[in-house]
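Undergrad:
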Amino acid sequence: MQPLKGCILVTSVVVTIATVIYVITWSVHYFTVPVKYYGPPHPNDNVPPYPGATSENLWWFVQISDTHLTSVENAEKATRLRDFKTFCHEHLHIIQPMLVLHTGDITDGAPHASQNKEDWISYQQIVSEAKLPYSLRWLDVRGNHDNFNVPSRLHENNFYREYSVLGEKGDDSFLYKLELPFGTYSFIHVDALLKIGTKRPINFYGILDELNVYHLKTLSERAQQTPSNQTIYFGHYPTSTILAPHGLYDIIKGGIAYLCGHLHDLDLKHGIKRMYVLQRYGSLELELEDWKKHRKFRVMAFDHDMLSFTDVQFGEWPVILITNPKPARFLAPGHEPEKKMSHSTHIRILVFSPRTIKQVKVEIDFKPLGLAKQVNEGPLFVLPWKPDRYSNGLHLIEVKVKDAAGRYKTVSREFSLDQSRPNQPFLSSLVIMINSFIFLVLWIIGLECLCVLPLVFFRRYTERPKAGTSGNPLLYGLLLLVHTNDIYYPLISIALYPVIGPWLIGEVVTDMYGTLTLYGIYVNSTFIGDKFPMLYFVTDLLCFHLPLTLFCLLHLSRAYHLQNKHSTHHYGNGNKNGRRLVDIVLVIISIFLLKSVLSRSFGTIAKLTHWYGQLALLVSPKYTWTLLVALYVGGKCVFIGYRGAHTPTRTVGTEEMENSEK
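Next comes the structure, spelled out in structure tokens:
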């Protein structure tokens with residue numbers, strides 16, 4: 001029987017390891033290897049005109065996102081506002097785009113998670129005083145911060161309708177057509193804002209219902225009534241943070257790209273930069289880093305209907321954008337005539353600088369090709385080339401620019417003329433492509449199993465430890481934990497309750513009270529299915545419940561040291577220092593665990609009280625009440641461990657166990 005159990009154990013371990021390896025391998029392949037295009041060629045692949053020595057069939061535009069403008073007095077925030085003014089008053093005059101897209105979070109909504117009229121007035125003044133060309137189109141849309149504490153689109157708190165450039169026209173999904181001499185370009189806004197704009201943080205996800213998706217479908221059909229050279233979709237939320245019917249992707253894949261912001265760089269220590277991917281349905285999704293902290297904006301160009309872009313650091317000149325050949329990583333064969341690169345006669349580069357450009361040097365595969373020449377004193381520089389020399393595989397083009405101020409800038413890009421493309425970075429692809437709702441559900445299921453099932457298993461299949469028990473101290477503490485009712489049941493309850501019960505009641509919108517749950521928020525007879533509480537719950541399980549369980553386990557294990565304090569096998573006269581060392585280590589670990597539990601609890605409670613009012617502090621089963629239960633459980637475990645460690649005759653650690661022994 002024993003060999004059979006060992007065989008089953010080994011088999012289980014091997015199967016588990018093999019499954020983990022398979023899942024990791026599959027995930028890396030899924031998120032990094034671009035999908036090959038097997039569809040029909042673009043109808044204009046072999047139709048002239050082709051990229052050459054003139055500036056025809058070329059235009060460019062700018063995207064900016066997450067400016068988070070605020071009038072709150074703060075040095076960093078004042079710099080943010082001043083730099084945005086410089087961007088509008090100087091940078092845009094140098095770049096001279098035909099269109100500017102602001103993809104949301106125009107204002108910050110801080111510090112009270114509400115709209116500040118002064119912020120919106122500052123934004124309006126900066127844009128209106130920039131004296132931008134009349135021909136420049138400015139499309140600004142709301143982000144989740146622009147929707148803080150806005151009960152409805154028509155509410156007086158919705159300052160966007162009064163102080164934005166688009167005003168009422170932009171406060172929903174809409175279609176804008178840019179008509180140029182060589183074609184029409186359609187821009188479709190995907191508005192996924194919550195219908196009731198709650199205070200933070202419960203508006204991180206965007207939501208589209210069936211009616212919203214139908215409206216988008218109607219806009220897409222309107223865009224195709226008059227054929228467009230290209231269609232761009234844009235919005236604040238990446239598709240991975242939009243809760244929507246599957247039909248959304250069927251609509252967006254009709255455009256060459258979806259432009260968004262919102263995620264910044266996820267505010268991680270080193271951040272996740274350049275979150276752009278070729279989605280598996282064949283369109284690009286390009287998230288732009290924020291203006292708030294990183295001062296990023298994007299310059300994009302259509303050159304003979306092929307899309308190129310570069311993300312620019314504010315204040316860094318010159319700005320270089322290679323439009324032909326375009327980067328291999330961002331080829332979209334079904335949406336653009338990428339074969340035109342093979343027919344082109346010139347390499348084409350857009351260069352922007354406040355000073356005169358002195359030199360534009362081009363190399364391919366580390367071999368100099370020559371100096372590009374300026375076209376009509378504009379930003380376009382061209383250099384003749386022979387594309388047939390680069391018809392197979394990936395190649396590296398490098399452009400080195402020097403301006404009259406002595407500034408040097410070098411950019412390099414991989415390109416291909418046979419649809420070869422490099423792999424996509426794993427993390428950025430994961431963030432943009434993943435179904436975050438399913439991801440969070442799997443995390444919650446896994447963590448709940450980790451928090452609950454081991455305790456249930458040991459309670460069901462073990463007995464209470466008895467005085468004189470020898471073995472592993474941690475196992476002794478675990479058995480003590482699962483067989484002590486007023487420790488076991490509270491730990492199980494605070495792990496499972498958030499899945500089934502309300503978390504708190506508070507003023508989620510000014511003068512509107514709502515109930516927060518794991519699945520969303522119920523306010524004003526409306527259920528808003530935002531899934532940000534799920535993300536909060538995952539971090540709670542990791543930073544609160546697991547540390548609390550380990551804290552209890554460590555302190556209960558001290559009762560084991562008591563019952564063996566007179567045992568020469570464990571702590572004889574020659575090994576008293578070992579006992580002291582164990583106690584010191586336990587204390588240090590306990591301090592870190594306690595810090596995690598308390599900082600998570602008090603920090604969250606303070607924020608929720610600040611945002612949702614005093615009622616959220618009092619009627620809060622998930623946070624305030626749970627903290628009280630945790631303090632009781634943790635205190636009882638400390639008491640048991642302390643009492644056991646100093647009272648040799650009480651080795652079990654609870655009155656119930658002592659009575660059972662009697």
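Each step along the sequence shown adds one to the number in full-length UniProt numbering, with nothing skipped, and position 324 is 324. C-beta: ideal position from N, C-alpha, C; glycine also.
I'd like the list of long-range same chain contacts for residue 574, defined as Cβ closer than 6 Å, with 5 residues on each side in sequence excluded.
TA: In this prediction, residue 574 has a pLDDT of 46, which is less than 50 and means its spatial position is unreliable; nothing more can be read from the coordinates.
Undergrad: Let me confirm a value: residue 606 is counted as buried when at least 16 other C-beta atoms fall within 10 Å, else exposed. Which label applies?
TA: Residue 606 comes out exposed.
Undergrad: Measuring straight from C-alpha to C-alpha, what distance separates residue 251 and residue 327?
TA: About 25 Å.
Undergrad: What number of angstroms, rounded off, separates the C-alpha of residue 358 from the C-alpha of residue 382?
TA: C-alpha separation (whole angstroms): 14 Å.
Undergrad: Could you tell me the boundaries of the beta strand (DSSP E) in which residue 262 lies?
TA: That residue, residue 262, is in no beta strand (DSSP E); it is neither H nor E in DSSP.
Undergrad: Once DSSP output is grouped into helix, strand and coil, what is the label at residue 655?
TA: At residue 655 the pLDDT is 44, less than 50, meaning the model places this residue with poor confidence; the figure from the coordinates comes in the next sentence. Residue 655: helix per DSSP, three-state reduction.
Undergrad: What whole-angstrom Cβ distance do residue 175 and residue 219 have, given they're in contact under 8 Å?
TA: Contact holds; Cβ gap of about 4 Å.
Undergrad: Would you mind reading off the limits of the alpha helix (DSSP H) that contains residue 123?
TA: From DSSP, the alpha helix (DSSP H) with residue 123 extends over 117-128.
Undergrad: With distances taken between CB atoms, is the gap from residue 115 to residue 146 smaller than 9 Å?
TA: Contact flag set, yes.
Undergrad: Rounded to the nearest angstrom, what separates residue 320 and residue 395 at their Cα positions?
TA: Each residue's Cα considered, the two are about 19 Å apart.
Undergrad: Taking Cβ positions, are residue 297 and residue 64 nearer each other than 9 Å?
TA: Yes, the Cβ-Cβ distance between residue 297 and residue 64 is below 9 Å.
Undergrad: Do you know how far the Cα of residue 560 is from the Cα of residue 570?
TA: Only weak support is given to the placement of residue 570: the predicted model assigns it a pLDDT of 48, under 50, and the value that follows is read from those uncertain coordinates. Their backbone Cα atoms lie some 11 Å apart in a straight line.
Undergrad: Does the pairing of the region 69-85 with the region 220-234 give three or more beta-carbon distances under 8 Å?
TA: The region 69-85 vs the region 220-234: no contact.
Undergrad: How would you label residue 424, buried or exposed, when you count the other beta carbons within 10 angstroms and need 16 or more for buried?
TA: Buried, since its Cβ has 16 or more Cβ neighbours within 10 Å.
Undergrad: Flag this pair as touching only if the region 616-632 and the region 483-501 have three or more C-beta atom pairs under 8 Å; answer yes or no.
TA: Verdict: yes, contact present.
Undergrad: If you draw a straight line from the alpha carbon of residue 215 to that of residue 143, how long is it in whole angstroms?
TA: If I take the Cα positions, the gap works out to 19 Å.
Undergrad: Whether or not the region 300-317 and the region 8-22 are in contact is what I'm after, with contact meaning three or more pairs of Cβ atoms, one per stretch, closer than 8 Å; do they touch?
TA: With the cut-off at 8 Å, the region 8-22 and the region 300-317 do not touch.
Undergrad: Tell me which residues share the same chain as residue 528 and place their Cβ nearer than 8 Å to its Cβ, disregarding the 5 neighbours each side in the sequence.
TA: Result list for residue 528: 194, 195, 196, 198, 202, 207, 520, 521 and 522, in chain order.
Undergrad: Quick one: what's got a C-beta closer than 7 Å to residue 387's C-beta in the same chain, skipping five residues either side?
TA: Excluding residues within five positions, the ones whose Cβ falls inside 7 Å are 341, 342, 344 and 417.
Undergrad: What separation, rounded to the nearest whole angstrom, lies between the Cα atoms of residue 44 and residue 435?
TA: C-alpha separation (whole angstroms): 34 Å.
Undergrad: Since residue 547 contacts residue 493 with CB under 8 Å, what's their CB separation in whole angstroms?
TA: Not a contact, Cβ separation roughly 17 Å.
Undergrad: Please determine, among 56, 325, 108 and 378, the residue with the shortest C-alpha to C-alpha distance to residue 415.
TA: Comparing Cα positions, the closest option is 325.
Undergrad: If residue 84 and residue 291 are in contact, beta carbons under 8 Å, what's the gap, nearest whole angstrom?
TA: Contact holds; Cβ gap of about 7 Å.
Undergrad: Let me make sure I understand the geometry here. Which of 182, 600 and 633 has the alpha-carbon closest to that of residue 485?
TA: Comparing Cα positions, the closest option is 633.
Undergrad: Run through the DSSP bridge pairs and tell me what residue 301 is partnered with.
TA: In the DSSP output, where bridge partners are listed per residue, residue 301 has 60 and 308.
Undergrad: Might you give, ordered along the chain, the residues of its own chain that have their beta carbon closer than 6 Å to the beta carbon of residue 455, omitting 5 neighbours on each side?
TA: Contacts found: 482.
Undergrad: Following the continuous alpha helix (DSSP H) through residue 138, name the residue where it begins and the one where it ends.
TA: Note, residue 138: premise wrong, no alpha helix (DSSP H); beta strand (DSSP E) at 137-140.
Undergrad: Which whole-angstrom value describes the C-beta separation of residue 103 and residue 141, a residue pair presumed to lie in contact below a C-beta threshold of 8 Å?
TA: Right, their Cβ atoms sit about 6 Å apart.
Undergrad: Could you name the residues of the same chain whose beta carbon sits closer than 6 Å to that of residue 94, not counting the 5 residues immediately before and after it, in chain order?
TA: Here the set comprises 352 and 354.
Undergrad: Please state the DSSP three-state secondary structure of residue 461.
TA: Residue state, collapsed to three classes: helix.
Undergrad: Under DSSP, the alpha helix (DSSP H) around residue 479 begins and ends at which residues?
TA: Here the alpha helix (DSSP H) through residue 479 covers 473-482.
Undergrad: How about residue 361 and residue 399: do their beta carbons lie closer than 9 Å?
TA: Their beta carbons are under 9 Å apart, which means residue 361 touches residue 399 by this criterion.
Undergrad: From which residue to which residue does the alpha helix (DSSP H) around residue 247 run?
TA: Where residue 247 is concerned, the enclosing alpha helix (DSSP H) stretches over 247-252.
Undergrad: Closest to residue 487 by C-alpha separation, out of 461, 339 and 452, would be which residue?
TA: Selected option, being the one with the closest Cα: 452.
Undergrad: Would you kindly report the start and end of the unbroken alpha helix (DSSP H) that includes residue 538?
TA: Note, residue 538: alpha helix (DSSP H), 532-540.
Undergrad: Helix, strand or coil, according to DSSP, for residue 661 in the structure here?
TA: Unreliable positioning characterises residue 661 in this predicted model, as indicated by a pLDDT of 43, which lies under 50. A coordinate reading is not provided.
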